[in-house]
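Read in order, the letters of the sequence shown correspond to residues 218 to 356 in the working numbering.
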Amino acid sequence: MKLLSSSEAETKDIGRRIGEKLKKGDVVCLYGELGAGKTTMVKGIASAFGINERDITSASFTIIAEYDADVPFYHIDLYRLVSDEIEEIGLQDYLRGSGIAVIEWAERAGQAVPEKHISVRLDYSGEDVREIEIEGIGV
Ligand SMILES: Nc1ncnc2c1ncn2[C@@H]1O[C@H](COP(=O)(O)OP(=O)(O)O)[C@@H](O)[C@H]1O
Ligand SMILES: [Mg+2]
Numbered sequence: 218m219k220l221l222s223s224s225e226a227e228t229k230d231i232g233r234r235i236g237e238k239l240k241k242g243d244v245v246c247l248y249g250e251l252g253a254g255k256t257t258m259v260k261g262i263a264s265a266f267g268i269n270e271r272d273i274t275s276a277s278f279t280i281i282a283e284y285d286a287d288v289p290f291y292h293i294d295l296y297r298l299v300s301d302e303i304e305e306i307g308l309q310d311y312l313r314g315s316g317i318a319v320i321e322w323a324e325r326a327g328q329a330v331p332e333k334h335i336s337v338r339l340d341y342s343g344e345d346v347r348e349i350e351i352e353g354i355g356v
């Protein structure tokens, strides 16, 4: 499905709706360039699990941030990942576990992404407008 968001708040709201539909073990792959709204979307998804959106930040050096919600919630940001590190960080363990994993720059996860996953593409479409294409789940 394709949606249009015209504000940061709207993207968070769409994220929250996605979060409300997620089940244990689900993997959400986020795609989109820098500033497209991936981290904003993670804030919304996390809010559905009772996580304070202020605790969700853009990765500086942290690649995987883990939150103890009702289910383990993993915010994974592969922006700074060098391809030969994929094995090292043990991505597989997070993506095949019983928690919820949300991945920014998911294209860098390669084979570690399970075949069954939810994908969200965010495209810049004007200063405050983003096209959001969601596959694998309805909201
Ligand atoms: N409709 C929108 N959805 C999401 N972010 C938006 C929107 N309009 C403007 N923005 C701004 O775009 C930026 C998105 O940043 P961020 O979520 O960190 O992107 P990314 O993680 O993809 O690099 C924020 O500064 C946010 O305020
Ligand atoms: Mg980000």
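Where a beta carbon is used, it is the ideal one built from N, C-alpha and C, also for glycine.
Buried or exposed for Met218, going by 16 or more other Cβ atoms inside 10 Å? Counting the other CB atoms within 10 Å of its CB gives Met218 a total below 16, which places it among the exposed residues.
Closest to Ile231 by C-alpha separation, out of Pro289, Glu250, Thr257 and Cys246, would be which residue? The shortest Cα separation from Ile231 among Pro289, Glu250, Thr257 and Cys246 belongs to Thr257.
Can you tell me the Cβ-Cβ gap for Arg347 and Gly254, rounded? I've got them flagged as a contact below 8 Å. Right, the Cβ-Cβ distance comes to about 5 Å (below 8 Å), so this counts as a contact.
Thinking C-beta only, is Ala329 closer than 7 Å to Val244? Between Val244 and Ala329, the gap from beta carbon to beta carbon reaches 7 Å or more.
Meets three-Cβ-pair contact criterion under 8 Å: the stretch 341 to 355 and the stretch 306 to 323: No contact exists between the stretch 341 to 355 and the stretch 306 to 323.
What are the complete beta strand (DSSP E) segments, minimum 3 residues, inside the stretch 224 to 250? Whole beta strand (DSSP E) segments, 3+ residues: 244 to 248.
DSSP three-state label for Leu312, please. Here Leu312 sits in helix by DSSP.
Please determine whether the Cβ atom of Glu350 lies at a distance below 6 Å from any heavy atom of ligand 2. Every heavy atom of ligand 2 is 6 Å or more from the Cβ of Glu350, so no.
Quick check for students: name the residue ranges of the beta strand (DSSP E) that lie wholly in the stretch 273 to 307, counting only runs of 3 or more. Restricting attention to beta strand (DSSP E) runs no shorter than 3 residues, the stretch 273 to 307 encloses them at 281 to 285 and 289 to 294, ordered along the chain.
Would Gly261 and Lys229 qualify as a contact pair, given that the criterion is a beta-carbon distance under 7 Å? Taking 7 Å as the cut-off, the beta carbon of Gly261 is found closer than this to the beta carbon of Lys229.
Can you check which of these residues, Gly316, Ile293 and Ser315, is closest to Ile306 by C-alpha distance? Taking each of Gly316, Ile293 and Ser315 in turn and checking the Cα distance to Ile306, the smallest one comes out for Ile293.
Rounded C-beta distance between Leu357 and Val337? I'm assuming under 8 Å. Missing from the structure shown is residue 357; the chain here goes from 218 to 356 and no further.
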